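Student: My structure is below; once you've seen it, I'll send some questions.
There are 4 protein chains.
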Amino acid sequence: MNPIPEPEFVQIFTTGGTIDKVYYDAGDDYTVGEPQIGRLLEEARVNFPYAVEALLQKDSLEMAEADRERIRAAVEATPARRVLITHGTDTMVETARALEGIPDKTIVLVGAMQPARFLGSDAEFNIGYATAAVQLLGPGVYIAMNGQVFRSGHVRKNRAKLRFETVP
Amino acid sequence: MNPIPEPEFVQIFTTGGTIDKVYYDAGDDYTVGEPQIGRLLEEARVNFPYAVEALLQKDSLEMAEADRERIRAAVEATPARRVLITHGTDTMVETARALEGIPDKTIVLVGAMQPARFLGSDAEFNIGYATAAVQLLGPGVYIAMNGQVFRSGHVRKNRAKLRFETVP
Amino acid sequence: MNPIPEPEFVQIFTTGGTIDKVYYDAGDDYTVGEPQIGRLLEEARVNFPYAVEALLQKDSLEMAEADRERIRAAVEATPARRVLITHGTDTMVETARALEGIPDKTIVLVGAMQPARFLGSDAEFNIGYATAAVQLLGPGVYIAMNGQVFRSGHVRKNRAKLRFETVP
Amino acid sequence: MNPIPEPEFVQIFTTGGTIDKVYYDAGDDYTVGEPQIGRLLEEARVNFPYAVEALLQKDSLEMAEADRERIRAAVEATPARRVLITHGTDTMVETARALEGIPDKTIVLVGAMQPARFLGSDAEFNIGYATAAVQLLGPGVYIAMNGQVFRSGHVRKNRAKLRFETVP
Chain A
1 MNPIPEPEFV QIFTTGGTID KVYYDAGDDY TVGEPQIGRL LEEARVNFPY
51 AVEALLQKDS LEMAEADRER IRAAVEATPA RRVLITHGTD TMVETARALE
101 GIPDKTIVLV GAMQPARFLG SDAEFNIGYA TAAVQLLGPG VYIAMNGQVF
151 RSGHVRKNRA KLRFETVP
Chain B
169 MNPIPEPEFV QIFTTGGTID KVYYDAGDDY TVGEPQIGRL LEEARVNFPY
219 AVEALLQKDS LEMAEADRER IRAAVEATPA RRVLITHGTD TMVETARALE
269 GIPDKTIVLV GAMQPARFLG SDAEFNIGYA TAAVQLLGPG VYIAMNGQVF
319 RSGHVRKNRA KLRFETVP
Chain C
337 MNPIPEPEFV QIFTTGGTID KVYYDAGDDY TVGEPQIGRL LEEARVNFPY
387 AVEALLQKDS LEMAEADRER IRAAVEATPA RRVLITHGTD TMVETARALE
437 GIPDKTIVLV GAMQPARFLG SDAEFNIGYA TAAVQLLGPG VYIAMNGQVF
487 RSGHVRKNRA KLRFETVP
Chain D
505 MNPIPEPEFV QIFTTGGTID KVYYDAGDDY TVGEPQIGRL LEEARVNFPY
555 AVEALLQKDS LEMAEADRER IRAAVEATPA RRVLITHGTD TMVETARALE
605 GIPDKTIVLV GAMQPARFLG SDAEFNIGYA TAAVQLLGPG VYIAMNGQVF
655 RSGHVRKNRA KLRFETVP
């Protein structure tokens with residue numbers, strides 16, 4: 001069999017969320033800090049072409065309609081066919097829906113239940129998982145969480161179980 | 169579009185390698201310890217069905233022909249169609265070749281350049297990446313390293329650059 | 337010179353604070369979790385006699401007068417002459433003052449600016465530092481933070497600089 | 505009571521050892537890398553004056569007589585009265601003996617059983633502990649390990665138990 005073609009360019013957009021949360025001081029509690037994904041990709045010594053652009057730095061509960069329009073505009077504007085978006089988990093499902101209908105692009109949203117800077121965080125696994133998903137899936141809008149790929153419109157966050165699950 | 173079907177069962181075999189290395193004492197230097205992948209999958213709260221079986225606990229430089237036969241026999245024996253193997257990076261390419269020709273199975277080998285218990289290790293990213301790869305790829309034998317999928321027979325470890333690369 | 341006598345028993349009381357904060361989910365934000373000091377002492381394989389008792393599990397901004405009375409009663413009640421208290425940093429100074437005047441005991445308060453479960457946390461350094469301080473200092477009430485020993489009544493938290501400093 | 509005087513300057517010498525070990529690749533196994541103590545002190549936001557000078561970068565089993573003479577010369581040459589030395593654990597006892605007899609200096613040797621870059625390492629606790637010890641102890645040569653201060657000449661490493669213990 002032939003070798004697999006070299007991986008395509010991946011455009012990464014960061015929007016904030018738990019994955020990027022840092023801890024300054026008890027008075028301030030958690031704050032969304034600098035995007036962590038660049039550091040995680042470097043530590044993993046990945047060897048595919050990518051660029052990281054920070055669009056927002058928000059807890060996803062604070063995202064408004066205008067924020068989703070901005071994300072959609074950025075996805076539409078990039079020439080990249082493969083787009084990875086880091087996002088808070090609480091409204092990831094809503095942002096996925098807002099990205100439906102963009103043709104010929106594989107769009108994967110990913111986040112973390114625990115900040116990337118936390119011991120035992122799910123961030124590194126999730127970023128690795130989503131990286132393969134965005135490379136291997138066909139066009140569409142997906143959420144990659146808990147070691148599973150969900151199609152937009154068929155997924156919800158189960159807050160009691162702290163995980164994503166399929167909606168038929 | 170329809171929801172994506174629930175993920176299939178993944179059989180995970182561990183064989184040792186850097187990913188599982190621990191550090192006891194200067195006199196002993198590094199030792200291959202207990203498999204780390206179970207802990208990593210739990211931390212990531214993955215929600216797909218899997219089982220972990222430890223086949224070997226070796227530095228891959230110490231693997232002999234009999235070890236590879238044992239791995240092949242285990243892969244052939246499992247009814248699972250999706251098989252993930254953690255393996256030392258130095259002879260991962262050889263073990264992949266020894267697994268070629270098993271029909272109807274997606275077999276993905278993965279390892280780490282740094283022990284999973286090391287700060288900044290590539291282990292968690294790689295396990296996440298390989299998990300998506302084993303779920304999404306068709307039948308064949310693959311190596312998933314450095315954020316890239318390689319087909320067995322078309323990959324080598326570049327020891328100078330400490331990464332895997334395609335062989336035409 | 338003679339060997340140093342074997343270290344004395346240290347009674348450790350935990351009261352909560354940032355050092356024990358965990359992260360459940362974006363909706364809940366940070367929560368004070370199980371005491372971390374036992375795990376840290378085990379990881380350090382310490383070889384002195386100690387016991388850990390959890391008195392409170394609070395952010396120190398939420399501590400009331402009754403909480404401080406409870407801590408003081410526990411310190412007075414223990415037969416141990418060396419007492420280590422983990423505590424939130426925001427009102428550590430107040431609790432130290434509330435412990436003044438207990439005779440013949442070396443009482444050291446310590447906390448962390450970052451949760452112990454955070455990468456790059458000051459928790460492990462601080463616990464190590466405070467352990468030596470409680471073993472080596474004479475009777476009195478002290479705060480051990482930022483690599484410095486402060487005497488109760490002569491210390492404040494500088495919230496702008498996120499560190500403790502001497503008050504003349 | 506009066507405030508405690510501001511902490512004195514601490515001269516830190518690094519000599520290598522497990523605490524500074526990194527992991528490059530299975531073929532090379534562990535290597536003694538850049539000194540980690542500076543990073544650890546910055547993470548702990550310590551607020552006492554210090555300087556770090558790298559004298560050696562060796563596994564302590566490879567230290568020769570000339571290495572110990574060099575360490576002694578550096579300790580004698582510094583005007584600092586408080587000297588902290590990071591050192592491999594296997595011959596820390598020998599180096600301590602080689603430093604005996606230097607007047608008016610508090611000299612504390614410290615190391616780690618696990619590399620500082622390892623999850624669950626004892627390095628941060630030990631550095632914190634040794635920092636308080638070098639500030640609080642009177643003149644002499646000490647080893648600070650396992651949450652205990654040992655006087656040079658009355659300490660050995662128990663390799664079976666992987667900890668230091670008093671020799672009468």
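Top line first, the protein sequences correspond to chains A, B, C and D. Under my numbering, the residue at position 124 of the first sequence is numbered 124, and the numbers go up by one with no gaps. Position in the second sequence (first residue = 1) + 168 = my numbering. Position in the third sequence (first residue = 1) + 336 = my numbering. Position in the fourth sequence (first residue = 1) + 504 = my numbering. For glycine and all other residues, C-beta sits at the position ideal for the given N, C-alpha and C. Just so it is clear, the structure is predicted and the values come from calculations on it, not from any experiment.
Nearest-angstrom Cα distance between alanine 241 (chain B) and arginine 207 (chain B)?
Tutor: If I take the Cα positions, the gap works out to 26 Å.
Student: According to DSSP, simplified to helix, strand and coil, what is threonine 299 (chain B)?
Tutor: Three-state DSSP puts threonine 299 (chain B) in a helix.
Student: Does any C-beta atom of chain A lie closer than 8 Å to the C-beta of phenylalanine 500 (chain C)?
Tutor: So, not an interface residue.
Student: Which of helix, strand or coil does DSSP assign to asparagine 662 (chain D)?
Tutor: Asparagine 662 (chain D): strand per DSSP, three-state reduction.
Student: Comparing C-alpha positions only, which one of A:His154, A:Leu162 and A:Ala160 sits nearest to proline 173 (chain B)?
Tutor: Of the listed residues, the one whose Cα sits closest to proline 173 (chain B) is A:His154.
Student: Using the beta-carbon count (16 or more within 10 Å), is phenylalanine 345 (chain C) buried or exposed?
Tutor: Burial call: exposed.
Student: Which complete beta strand (DSSP E) runs does the region 417-467 of chain C hold, if anything under 3 residues is left out?
Tutor: If we require 3 residues or more, the beta strand (DSSP E) runs fully inside the region 417-467 of chain C come out as 418-422 and 442-446.
Student: Would DSSP call glutamate 557 (chain D) helix, strand or coil?
Tutor: Residue state, collapsed to three classes: strand.
Student: Could you tell me which of C:Val358, C:Pro371, C:Pro415 and C:Ile407 sits nearest to aspartate 440 (chain C), measuring between CA atoms?
Tutor: Nearest of C:Val358, C:Pro371, C:Pro415 and C:Ile407 to aspartate 440 (chain C), Cα basis: C:Pro415.
Student: Identify the continuous alpha helix (DSSP H) that holds glutamate 547 (chain D) and give its terminal residues.
Tutor: 541-547 is the span of the alpha helix (DSSP H), which, as asked, contains glutamate 547 (chain D).
Student: For the ligand FAD, is there any heavy atom lying closer than 7 Å to the beta carbon of alanine 416 (chain C)?
Tutor: This structure does not include the ligand FAD; it has no bound ligands of any sort.
Student: Going along the chain, which residues of its own chain have a beta-carbon closer than 6 Å to the beta-carbon of alanine 284 (chain B), five neighbours each way excluded?
Tutor: If we look at alanine 284 (chain B) and ignore the five residues flanking it on each side, its Cβ neighbours are Ile187, Gln204 and Ala291.
Student: What is the DSSP secondary structure of isoleucine 12 (chain A), reduced to helix, strand or coil?
Tutor: Correct three-state label for isoleucine 12 (chain A): strand.
Student: Exposed or buried, glutamate 202 (chain B), counting other C-beta atoms within 10 Å across all chains shown (16 or more means buried)?
Tutor: The residue in question, glutamate 202 (chain B), is exposed, as its Cβ has fewer than 16 Cβ neighbours within 10 Å.
Student: Could you tell me whether any Cβ in chain D is nearer than 8 Å to the Cβ of histidine 490 (chain C)?
Tutor: Closer than 8 Å: yes.
Student: Under 8 Å, CB to CB, which of the residues in the region 259-290 of chain B have a partner in chain D?
Tutor: Answer set for the region 259-290 of chain B: Met281, Gln282, Pro283, Arg285, Phe286, Leu287 and Gly288.
Student: Cutting at 7 Å between CB atoms, please list the residues of its own chain near alanine 130 (chain A), excluding the five before and the five after it.
Tutor: For alanine 130 (chain A), where only same-chain residues beyond five positions count, the Cβ hits under 7 Å are Leu84, Val108, Val110 and Ala144.
Student: Assign lysine 161 (chain A) to one of two classes, buried (16 or more other C-beta atoms within 10 Å of its C-beta) or exposed (fewer than that).
Tutor: Classification for lysine 161 (chain A): exposed.
Student: Would you say tyrosine 359 (chain C) faces chain A, with C-beta separation under 8 Å as the test?
Tutor: Yes, tyrosine 359 (chain C) counts as interfacial toward chain A.
Student: Starting from the C-beta of glycine 17 (chain A), find all residues in its chain whose C-beta is less than 6 Å away, skip the five residues before and the five after it, and write them out in chain order.
Tutor: If we look at glycine 17 (chain A) and ignore the five residues flanking it on each side, its Cβ neighbours are Ser60, His87, Gly88 and Gly111.
Student: For a test of the three-state rule: what should DSSP assign to glutamate 6 (chain A), helix, strand or coil?
Tutor: Looking at glutamate 6 (chain A) - three-state DSSP - the assignment turns out to be coil, as it is neither helix nor strand.
Student: Using only CA atoms, which one of A:Gly147, A:Asp67 and A:Gly140 lies nearest to phenylalanine 293 (chain B)?
Tutor: Here the closest residue by C-alpha is A:Gly147.
Student: Just to confirm my understanding: we take glutamine 471 (chain C), look at its own chain, exclude 5 residues before and 5 after, and list those with CB closer than 6 Å. What are they?
Tutor: For glutamine 471 (chain C), where only same-chain residues beyond five positions count, the Cβ hits under 6 Å are Pro343.
Student: Reducing DSSP to helix, strand and coil, say where threonine 78 (chain A) ends up.
Tutor: In this structure, threonine 78 (chain A) counts as coil in the three-state DSSP scheme.
Student: Helix or strand or just coil, what does DSSP make of glutamate 237 (chain B)?
Tutor: Reduced to three states, the DSSP call for glutamate 237 (chain B) is helix.
Student: With the cut-off set at 8 Å, would you say threonine 518 (chain D) and valine 550 (chain D) are in Cβ contact?
Tutor: The answer is no: Cβ separation not under 8 Å.
Student: Let me make sure I understand the geometry here. Which of A:Ala64, A:Glu69, A:Leu41 and A:Lys58 has the alpha-carbon closest to that of lysine 21 (chain A)?
Tutor: Selected option, being the one with the closest Cα: A:Lys58.
Student: Suppose contacts are defined by Cβ-Cβ distances below 8 Å. Is threonine 334 (chain B) in contact with glycine 306 (chain B) by that definition?
Tutor: No.
Student: What span of residues does the beta strand (DSSP E) with threonine 502 (chain C) cover, start to end?
Tutor: Its beta strand (DSSP E) spans residues 499-502.
Student: Using a Cβ-Cβ cut-off of 7 Å (strictly less than) and excluding sequence neighbours within five positions of leucine 55 (chain A), which residues of its own chain qualify?
Tutor: So the list reads Phe13, Thr14, Thr15, Arg70, Ile71 and Ala74, once near-sequence residues are dropped.
Student: Measure the alpha-carbon distance for aspartate 594 (chain D) versus serine 457 (chain C) and round it to whole angstroms.
Tutor: Those two C-alpha atoms are separated by around 28 Å.
Student: What does a CB cutoff of less than 7 Å around arginine 159 (chain A) pick up in its chain, not counting 5 residues either side in sequence?
Tutor: Cβ within range, chain order: n/a, list empty.
Student: Can you list the residues of chain D that phenylalanine 349 (chain C) reaches, using a CB-CB cut of under 8 Å?
Tutor: Here the premise fails: no neighbours, minimum Cβ distance about 17 Å.
Student: Leaving out five residues before and five after alanine 530 (chain D) in sequence, what residues of the same chain have Cβ atoms less than 6 Å from its Cβ?
Tutor: Confidence in alanine 530 (chain D) is poor, its pLDDT being 48 and thus under 50, which makes the residue's placement too unreliable to answer from.
Student: Within the same chain, show all residues whose beta-carbon is closer than 7 Å to that of arginine 319 (chain B), passing over the 5 residues directly before and after it, in chain order.
Tutor: Contacts found: Gly308 and Tyr310.
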